[in-house]
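> This is the structure I have questions about; it appears just below.
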Amino acid sequence: MADTKTADAEALGEREADETSPQAVEEAKREAAAAGAPPPGQRAEISNLDIVRHYFDIAADRLELPDDLRTVFWEPYREVTVQIPVKLSDGKIHVFSGYRIQHNGARGPYKGGIRFHPEVDVDEVRALASLMTWKTAVAGVPYGGAKGGVNCPADKLEQSELQKIARSFLDKIEKVLGPTRDIPAPDVNTNAQVMAWMMDEYGKLHGHTPAIVTGKPIALEGSYGREAATGRGCVYMFREAAPHLGMTPADTTFAVQGFGNVGSWAARIMQQLGCTMVAVSDAHGAIRNDEGIDANALQEFISAGGLITDFDGAEKIDPDDLIAVPCDVFIPAALGGMIHEHNAGRMQCRVIIEGANSPTTPVADEILSEKGVYMIPDVMANAGGVVCSYFEWVQNLQHFRWDEREVNDKLGNIMRRAYREVSGRAKQDNLPLRQAAYLVGIERVVEAARTRGYV
Ligand code: NAD
Numbered sequence: 196m197a198d199t200k201t202a203d204a205e206a207l208g209e210r211e212a213d214e215t216s217p218q219a220v221e222e223a224k225r226e227a228a229a230a231g232a233p234p235p236g237q238r239a240e241i242s243n244l245d246i247v248r249h250y251f252d253i254a255a256d257r258l259e260l261p262d263d264l265r266t267v268f269w270e271p272y273r274e275v276t277v278q279i280p281v282k283l284s285d286g287k288i289h290v291f292s293g294y295r296i297q298h299n300g301a302r303g304p305y306k307g308g309i310r311f312h313p314e315v316d317v318d319e320v321r322a323l324a325s326l327m328t329w330k331t332a333v334a335g336v337p338y339g340g341a342k343g344g345v346n347c348p349a350d351k352l353e354q355s356e357l358q359k360i361a362r363s364f365l366d367k368i369e370k371v372l373g374p375t376r377d378i379p380a381p382d383v384n385t386n387a388q389v390m391a392w393m394m395d396e397y398g399k400l401h402g403h404t405p406a407i408v409t410g411k412p413i414a415l416e417g418s419y420g421r422e423a424a425t426g427r428g429c430v431y432m433f434r435e436a437a438p439h440l441g442m443t444p445a446d447t448t449f450a451v452q453g454f455g456n457v458g459s460w461a462a463r464i465m466q467q468l469g470c471t472m473v474a475v476s477d478a479h480g481a482i483r484n485d486e487g488i489d490a491n492a493l494q495e496f497i498s499a500g501g502l503i504t505d506f507d508g509a510e511k512i513d514p515d516d517l518i519a520v521p522c523d524v525f526i527p528a529a530l531g532g533m534i535h536e537h538n539a540g541r542m543q544c545r546v547i548i549e550g551a552n553s554p555t556t557p558v559a560d561e562i563l564s565e566k567g568v569y570m571i572p573d574v575m576a577n578a579g580g581v582v583c584s585y586f587e588w589v590q591n592l593q594h595f596r597w598d599e600r601e602v603n604d605k606l607g608n609i610m611r612r613a614y615r616e617v618s619g620r621a622k623q624d625n626l627p628l629r630q631a632a633y634l635v636g637i638e639r640v641v642e643a644a645r646t647r648g649y650v
């Protein structure tokens, strides 16, 4: 991989750690721009699909998977694309595209979130669906992988407009869904409220069916602990890795990119553990304070309508520079491709815990590995959400409810098991965690498909 590094990666990536003065950083940005790189903070040119394919291919090579099986396990099983015409408050009909892609169901019903974002397209949904197949296998929960999305500008829409889109999308894909077929969940810009609308819409056709979606509100048979589960799972990963890395929470600083569901919960729980948040961003900007930013206070401030950059007690920084803030743990929890060849070299953390899906491009991954950064990859790090979705589904099928402690304990057990199995495999085969996780995931899916007689 090293030969795929571009001049800009070398310009930025191989700088000494002390070359982080504002002048040096500006110079690095100018050099990268001169070499044709996008401005450092922008997402990489490489697509999420290319990122997942890259890691799938490495694992498939190592497993010596023949070409025919490679096609079976790479290509999605079913892809549904629908038109969603919705009259918005401007009085006009806007036509959005919706996708539900079921990648592989060898290990159980399809499972995966639904994303509302203007950049959603079929390739992104394919990538995320495939990632779900490997993630559910790594976590050892009995699901296949799927994903959905609608290319709507969710953050600019009113609640009533979002509701229309959610209901219309559900109506159009309900034939391929079902509690034993495919069970959606929240993802970027969708939340418990969106899941409630979808459950209600499905119920109009099939009767009350809480197990049709997970991530629902507590009042509608949602599970205690589900909202925090992905962030909590990231923290469980830190708890597992820290002793081996000689880290203790009291001495650990962290930065979060994307203070949304995953990022804000990861931040609050890291803080509960005794770690200190020194920088954080969302779509509106970024802030930094080396003395610490209170994650609970920030969450309250943002929930009350405040802008992250107006938060007291922290200095506003250029969002592109968040990535270069010195810290022990960096948690990307926004979108894919945010850590790329043009900014990876500026990172000054010891550990990355990928809360987001595909936040790191393969070249960035290589740069970070050369810098000795310990990478806990998305395919295991952010599995807490789907694990807790599994708990919600199990509770719904029984119309029974566990308390939060029971949910969190069970989540801890599964995340710990996943970390130990993957890190054991990494040690055994002398591989980074990401490659080991893909090996474990793909092997389990292939075994299930073979045992069923599907291949
Ligand atoms: P969310 O919509 O709640 O939060 C996303 C956050 O990212 C928001 O705060 C947004 O302002 C911020 N953001 C957007 N663009 C940004 C940018 N350019 N720079 C900095 N911040 C930016 O979504 P979420 O559910 O927290 O999902 C975040 C990531 O985690 C996604 O990649 C998602 O696929 C992944 N993920 C989510 C779950 C889950 O349970 N929600 C599970 C697994 C993985």
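Numbering (the working numbering), first residue to last: 196 to 650. For every residue, glycine included, the Cβ atom is placed at its ideal position computed from N, Cα and C. It should be emphasised that the depicted structure is a prediction, and the values quoted were computed from it without experimental measurement.
For Val520, which of helix, strand or coil comes out of DSSP?
Coil at Val520, not helix or strand.
> Pairs of beta-carbons, one from the stretch 397-409 and one from the stretch 580-592, closer than 8 Å: are there three or more?
yes
> Taking only runs of the alpha helix (DSSP H) that begin and end inside the stretch 310-359, which ones reach a length of at least 4 residues, in chain order?
317-334
> Report all residues from its chain with a CB closer than 6 Å to the CB of Phe311; omit the five preceding and five following residues, and keep chain order.
Val345, Cys347, Ala349, Asn384 and Thr385
> Candidates Phe364, Glu486 and Ser553: which alpha carbon is nearest Cys522's?
For Cys522, the closest alpha carbon among the candidates Phe364, Glu486 and Ser553 is that of Glu486.
> Which one of Gln467, Gly480 and Pro444 has the shortest CA to CA distance from Phe454?
Gly480
> Any Cβ of chain D within less than 8 Å of the Cβ of Gly487?
As a matter of chain content, chain D is missing from the structure shown, which is built from one protein chain.
> Taking Thr448 as the reference, which of Tyr431, Trp588, His401 and Thr471 has the closest Cα?
Thr471
> Cβ of Ala576 within 8 Å of Cβ of Val333?
No. Outside cutoff.
> Give the range of the beta strand (DSSP E) segment to which Ala450 is assigned.
Thr448 to Gln452
> Using DSSP bridges, identify the partner residues of Ala481.
As computed with DSSP, Ala481 is found in a beta bridge with Ser476 and Ile512.
> State whether the stretch 317-333 contacts the stretch 354-370, with contact taken as three or more CB pairs (one from each stretch) at a distance under 8 Å.
Cβ pair count under 8 Å is below three, so no.
> Which residues in the same chain as Glu599 place their Cβ atom closer than 8 Å to its Cβ, once the five residues preceding and following it in sequence are excluded?
Tyr419 and Gly420
> Rounded to a whole number of angstroms, what is the C-alpha to C-alpha distance between Leu606 and Leu634?
22 Å
> Could you give the residue range of the beta strand (DSSP E) that holds Phe291?
Ile288 to Asn299
> Count the other C-beta atoms from every protein chain shown that fall within 10 angstroms of the C-beta of Thr266, then say buried if there are 16 or more, exposed otherwise.
exposed
> Quick check on Glu601: buried or exposed, where buried means 16 or more other Cβ atoms within 10 Å of its Cβ?
exposed
> Taking 6 Å as the limit between beta carbons, can you name the residues of its chain near Gly580, skipping five residues before and five after?
Ala424 and Thr425
> With Ala490 and Gln452 assumed to form a contact (beta carbons below 8 Å), what rounded beta-carbon distance in angstroms separates them?
In fact, because the Cβ distance is near 14 Å, the residues do not count as touching under 8 Å.
> Could you check the C-alpha separation between Gly428 and Asn552 for me, to the nearest Å?
Taking the straight line from one Cα to the other gives about 14 Å.
> Mind checking whether the beta-carbon of Pro381 lies closer than 7 Å to any heavy atom of the ligand NAD?
yes
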